[in-house]
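**Student:** Per the working numbering, residue 455 is the first one in the sequence shown, and the count goes up by one each step. What follows is a single structure, and I will ask about it in a moment.
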Amino acid sequence: MKKYSNYTSQIVKLSGKLSNNTAVLLNSKLKLLLMDAIYNLYIVNNLIEIKVTSLTDWNWEKCLRFYLRNNDVFIRIADAEFSYTFEYQGNQNKLVHTTLTDNCYLTLTQALQMGFGGNPFGPAGTGKTESVKALGSQLGRQVLVFNCDEVSST
455 MKKYSNYTSQ
465 IVKLSGKLSN
475 NTAVLLNSKL
485 KLLLMDAIYN
495 LYIVNNLIEI
505 KVTSLTDWNW
515 EKCLRFYLRN
525 NDVFIRIADA
535 EFSYTFEYQG
545 NQNKLVHTTL
555 TDNCYLTLTQ
565 ALQMGFGGNP
575 FGPAGTGKTE
585 SVKALGSQLG
595 RQVLVFNCDE
605 VSST
């Protein structure tokens, strides 16, 4: 719990560095770092609250986890494992994580592990494309989006 408190204080320190006086690029990087830190702290808090004590607990397994093994980075979620591909992503805006985002990640990674694709479905403007792009970014991969309609030709 001491480390948990330390992370909370680090988040407070980082948020204090955000200001109008900070360079735009640095401010943007700090915001992205803060979003990741807050989400990771939320996950840790949730795991502590539900008393996860085993690496085989489903509540741990369903989390997107990063591992370093023999100087290679791997991402695991449930029984799926992917190599991080280190494609340059730039300083992109981050998607705000929700339970629905986590479920989307879980479903898409399971499909990818089996050699399939995914097709998130729902109303326009609900974050389907952004969720797929965010997952690609988490895997260190470039994601290209093609919007096709009746006038598109092959």
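The C-beta atom is built at its ideal place from N, Cα and C for all residues, glycine as well. Every value quoted in this text rests on a predicted model; they were computed, and no experiment measured them.
How many angstroms separate the CA atom of Met568 from the CA atom of Asn499?
**Tutor:** As a first step, residue 568 must be located in the sequence shown, where it is residue number 114. As a first step, residue 499 must be located in the sequence shown, where it is residue number 45. Spanning the two alpha carbons is a distance of roughly 31 Å.
**Student:** So the alpha helix (DSSP H) Ala491 belongs to, where does it begin and stop?
**Tutor:** Residue 491 sits at position 37 when you count from the first residue of the sequence shown. Its alpha helix (DSSP H) spans residues Val478 to Glu503.
**Student:** Determine whether the beta carbon atoms of Leu549 and Gly581 lie at a separation below 9 Å.
**Tutor:** Numbered from 1 along the sequence shown, position 95 holds the residue referred to as residue 549. Numbered from 1 along the sequence shown, position 127 holds the residue referred to as residue 581. Cβ atoms of Leu549 and Gly581: closer than 9 Å.
**Student:** Which residue wins for smallest C-alpha separation from Gln543, given the options Glu503, Gln592 and Arg519?
**Tutor:** In the sequence shown, residue 543 corresponds to position 89, counting from 1. Looking at the Cα atoms, Gln592 is the closest of the given residues.
**Student:** Assuming Arg595 and Thr555 form a contact by the criterion Cβ under 8 Å, report the distance between their Cβ atoms to the nearest whole angstrom.
**Tutor:** By one-based count along the sequence shown, residue 595 stands at place 141. By one-based count along the sequence shown, residue 555 stands at place 101. At roughly 17 Å, the Cβ-Cβ gap does not stay under 8 Å, so Arg595 and Thr555 are not in contact.
**Student:** Just verifying my parser: in three-state terms, what is the DSSP assignment at Val466?
**Tutor:** Start at 1 with the first residue of the sequence shown, and residue 466 comes out as number 12. Helix at Val466.
**Student:** Who pairs with Val527 in a beta bridge, going by DSSP?
**Tutor:** Residue mapping note: residue 527 aligns to position 73 of the sequence shown, counting from 1. Note: Val527 sits in a beta bridge opposite Leu522.
**Student:** Pair every Cβ in the stretch 522–539 with every Cβ in the stretch 504–511, then say whether three or more of these pairs are closer than 8 Å.
**Tutor:** No, the stretch 522–539 is not in contact with the stretch 504–511.
**Student:** Just reading off the alpha helix (DSSP H) that Ala565 is part of, what are its end residues?
**Tutor:** Your numbering for residue 565 matches position 111 in the sequence shown. Judged by DSSP secondary structure, Ala565 falls within the alpha helix (DSSP H) whose first and last residues are Thr553 to Gln567.
**Student:** Give the secondary structure of Glu515 by DSSP, where H, G and I count as helix, E and B as strand, and everything else as coil.
**Tutor:** By one-based count along the sequence shown, residue 515 stands at place 61. The answer is helix: DSSP assigns Glu515 an H, G or I state.
**Student:** Does Glu535 come out as helix, strand or coil in the three-state DSSP assignment?
**Tutor:** Within the sequence shown, residue 535 is the residue found at index 81, counting from 1. Here Glu535 sits in strand by DSSP.
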